[in-house]
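A.B. asks: Pasting a structure here, questions to come.
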Amino acid sequence: MYDLSALYEASSVAEAVALRVAHPEAQIIAGGSDVLVQMREGKRAGKALISIYGIDAMRGVSIDEDENIRIGSLTSFSHITKDPIIQKYINVLGEAVDMVGGPQIRNIGTIGGNTCNGVTSADSASTLHAWEAIVELTGPNGVRRLPIKDFYIKAGTVDLQDGEIQTAILIPKSSYENCFGHYIKYAMRNAMDIATTGCSVNVVLSADKKTIERVRIAYGVAGPVPMRAPSAEAVATGKSVSMETVNAFGDAVLEDINPRDSWRAAKAFRQHIAVELAKRCLIRSIELAGGAV
């Protein structure tokens, strides 16, 4: 049994917002793969819950009228990995979320829960940052959209205002068009483990595949929240596809990241891994885009 004071179930976004306004102390629950574990540990004992799991309108992947890829916040990791739109335009996101937990967690866990937790180790977070995702929030004052980099405030805290729920994540066409990327999760085990460091890179190459027209890189567990490495992006943008560029790109990430010491890994080790992951991700992204280093 779980120690909860009340359970409210919403069947629509409007009802979920109304419940949030009426019960501001209540915790939103989607798949429950995090919230129920925390309750059993006693961290959220006695909490009231608002279940949004029954809102089917918040599930699925589509392309909207502005050609954004729209991922409903209740879309499961398994659904994202197998979705044809994701596989065609941003397969790296499917690969990233396929590294979350085990099959049972991936079947029940949602992209909205993974981001609303605000943790830097979330496997979706670095890729969503690297692809400049937009978070859609719906509340009593309507719909609000903000860049995912602004959604994360500090470790464990995101910009969800009173009465709001996260309803979707959008990937703009300008972020995914002609863009190819790769994600590497470094962990102590190959499965069922939290990332020691995660790195996601994507590139747009010139028509002749000789020049990096645009590159983006983001990390998880390289700071208190998922983060981009703008110094590395600046070093490689507009440069030739070469090992010299790859090495400069990797070295430059140390100007931006700020990992911490923890029982999982020392700061120096995370810095070393971050450089190596940046290089490997860039090389693989270039290959996926049709280039060769």
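Numbering of the sequence shown is given in the numbering used here, commencing with residue 2 and proceeding in unit increments.
Backbone N, C-alpha and C fix where the C-beta goes; we use that ideal spot for every residue, glycine too.
Since this is a predicted model, take the numbers as computed values, not measurements.
Would you kindly work out how many angstroms separate the C-alpha atoms of residue 77 and residue 175, rounded to a whole number?
C.D. replies: On the sequence shown, residue 77 is found 76 positions in, with the first residue counted as 1. On the sequence shown, residue 175 is found 174 positions in, with the first residue counted as 1. Rounded to the nearest angstrom, the two C-alpha atoms are 25 Å apart.
A.B. asks: Since residue 3 contacts residue 40 with CB under 8 Å, what's their CB separation in whole angstroms?
C.D. replies: Residue mapping note: residue 3 aligns to position 2 of the sequence shown, counting from 1. Residue mapping note: residue 40 aligns to position 39 of the sequence shown, counting from 1. With 8 Å as the limit, residue 3 and residue 40 qualify as a contact, their Cβ atoms being about 5 Å apart.
A.B. asks: Should the stretch 250–262 be called in touch with the stretch 155–169, which here means at least 3 C-beta pairs below 8 Å?
C.D. replies: no
A.B. asks: So, for residue 292: in the same chain, excluding its five sequence neighbours on each side, which residues have a beta-carbon less than 7 Å away from its beta-carbon?
C.D. replies: The residue you call residue 292 lines up with position 291 of the sequence shown. Hits under 7 Å: 206, 210 and 242.
A.B. asks: For residue 105, report the span of its alpha helix (DSSP H) as first-last.
C.D. replies: Residue numbering aside, residue 105 sits at position 104 when the sequence shown is read from its first letter. Its alpha helix (DSSP H) spans residues 104–109.
A.B. asks: Quickly, what does DSSP pair residue 186 with across the bridge? List them, please.
C.D. replies: Within the sequence shown, the letter at position 185 stands for residue 186. In the DSSP output, where bridge partners are listed per residue, residue 186 has 199.
A.B. asks: Taking residue 97 as the reference, which of 15, 89 and 200 has the closest Cα?
C.D. replies: Position 96 of the sequence shown, counted from the first residue, corresponds to residue 97. In terms of Cα proximity to residue 97, the closest of 15, 89 and 200 is 200.
A.B. asks: Answer with buried or exposed for residue 251, where buried requires no fewer than 16 other C-beta atoms within 10 angstroms of its C-beta.
C.D. replies: By 1-based counting over the sequence shown, the position of residue 251 is 250. Label assigned to residue 251: buried.
A.B. asks: What would DSSP say about residue 34, mapped onto helix, strand or coil?
C.D. replies: Indexing the sequence shown from 1 puts residue 34 at position 33. Looking at residue 34 - three-state DSSP - the assignment turns out to be coil, as it is neither helix nor strand.
A.B. asks: With which residues is residue 205 paired in a DSSP beta bridge?
C.D. replies: As a first step, residue 205 is located in the sequence shown; it is residue number 204 there, counting from the start. In the DSSP output, where bridge partners are listed per residue, residue 205 has 215.
A.B. asks: Just how far apart, CA to CA, sit residue 185 and residue 23?
C.D. replies: For the purposes of this step, residue 185 is taken as residue 184 along the sequence shown, with counting starting at 1. For the purposes of this step, residue 23 is taken as residue 22 along the sequence shown, with counting starting at 1. Cα-Cα distance, rounded: 42 Å.
A.B. asks: If residue 197 sits next to residue 189, beta carbons under 8 Å apart, how far is it from one beta carbon to the other, in whole angstroms?
C.D. replies: To locate residue 197, count along the sequence shown from 1; it is residue 196. To locate residue 189, count along the sequence shown from 1; it is residue 188. In this structure, residue 197 and residue 189 form a Cβ contact; the two beta carbons are roughly 7 Å apart against a cut-off of 8 Å.
A.B. asks: Are three or more beta carbon pairs between the stretch 18–32 and the stretch 122–138 nearer than 8 Å?
C.D. replies: The stretch 18–32, when compared against the stretch 122–138, does not touch it at the 8 Å Cβ threshold.
A.B. asks: Could you name each continuous alpha helix (DSSP H) segment of 4 residues or more that falls completely within the stretch 87–144, going from the start of the chain to the end?
C.D. replies: 92–98, 104–109, 112–117 and 126–131
A.B. asks: For residue 20 and residue 50, what's the separation of their Cα atoms in angstroms?
C.D. replies: As a working mapping, residue 20 is identified with position 19 in the sequence shown. As a working mapping, residue 50 is identified with position 49 in the sequence shown. Taking the straight line joining both Cα atoms gives about 10 Å.
A.B. asks: Following the continuous alpha helix (DSSP H) through residue 62, name the residue where it begins and the one where it ends.
C.D. replies: Sequence index remark: in the sequence shown, residue 62 carries index 61 (1-based). It is not in any alpha helix (DSSP H) - residue 62 instead sits in the beta strand (DSSP E) that spans 62–64.
A.B. asks: For residue 286, does the count of other Cβ atoms within 10 angstroms reach 16, so buried, or fall short, so exposed?
C.D. replies: Residue numbering aside, residue 286 sits at position 285 when the sequence shown is read from its first letter. Residue 286 comes out buried.
A.B. asks: Look up residue 17 in the DSSP assignment and say whether it is helix, strand or coil.
C.D. replies: On the sequence shown, position 16 is the one that residue 17 refers to. Note: residue 17 maps to helix in three-state DSSP.
A.B. asks: Short check: CB of residue 221 to CB of residue 121, under 8 Å?
C.D. replies: Translated into the one-based positions of the sequence shown, residue 221 becomes position 220. Translated into the one-based positions of the sequence shown, residue 121 becomes position 120. Yes, they are a contact pair.
A.B. asks: Starting from residue 56, trace the beta strand (DSSP E) in both directions and tell me its first and last residue.
C.D. replies: On the sequence shown, residue 56 is found 55 positions in, with the first residue counted as 1. Looking at the DSSP string, residue 56 is not in any beta strand (DSSP E), and its letter there is neither H nor E.
A.B. asks: Pairing CB atoms from the stretch 57–72 with CB atoms from the stretch 164–174, are three or more of them under 8 Å?
C.D. replies: yes
A.B. asks: Expressed to the nearest angstrom, what Euclidean distance is found between the alpha-carbon atoms of residue 244 and residue 81?
C.D. replies: The residue you call residue 244 lines up with position 243 of the sequence shown. The residue you call residue 81 lines up with position 80 of the sequence shown. Going by the C-alpha atoms only, they are around 33 Å apart.
A.B. asks: Cutting at 7 Å between CB atoms, please list the residues of its own chain near residue 16, excluding the five before and the five after it.
C.D. replies: Translated into positions along the sequence shown, residue 16 becomes position 15. Once the five neighbours on either side are set aside, residue 16 has no close Cβ partner at all.
A.B. asks: Who are the Cβ neighbours of residue 187 in its own chain at under 6 Å, not counting the five residues just before and after it?
C.D. replies: For the purposes of this step, residue 187 is taken as the residue at position 186 of the sequence shown. Cβ neighbours of residue 187 beyond the five flanking positions: 197, 198 and 274.
A.B. asks: Taking a contact to mean a Cβ-Cβ separation below 8 Å, would you say residue 125 touches residue 115 in this structure?
C.D. replies: Taking the sequence shown and counting its residues from 1, one reaches residue 125 at position 124. Taking the sequence shown and counting its residues from 1, one reaches residue 115 at position 114. Yes, the pair counts as a contact, with Cβ atoms nearer than the cut-off.
A.B. asks: Just tell me which of 177, 164, 123 and 106 has its CA closest to the CA of residue 1.
C.D. replies: Outside the shown range of the chain, which is 2 to 294, sits residue 1, and nothing can be said about it.
A.B. asks: Could you round the C-beta distance between residue 219 and residue 229 to whole angstroms and report it? I think they count as a contact, below 8 Å.
C.D. replies: Translated into the one-based positions of the sequence shown, residue 219 becomes position 218. Translated into the one-based positions of the sequence shown, residue 229 becomes position 228. The pair is a contact, with the Cβ atoms about 5 Å apart (cut-off 8 Å).
A.B. asks: Below 8 Å CB to CB, which residues in the same chain sit around residue 106 once its five sequence neighbours on both sides are set aside?
C.D. replies: Locating residue 106 in the sequence shown gives position 105, counting from the first residue. Excluding positions up to five away in sequence, the list reads 34 and 78.
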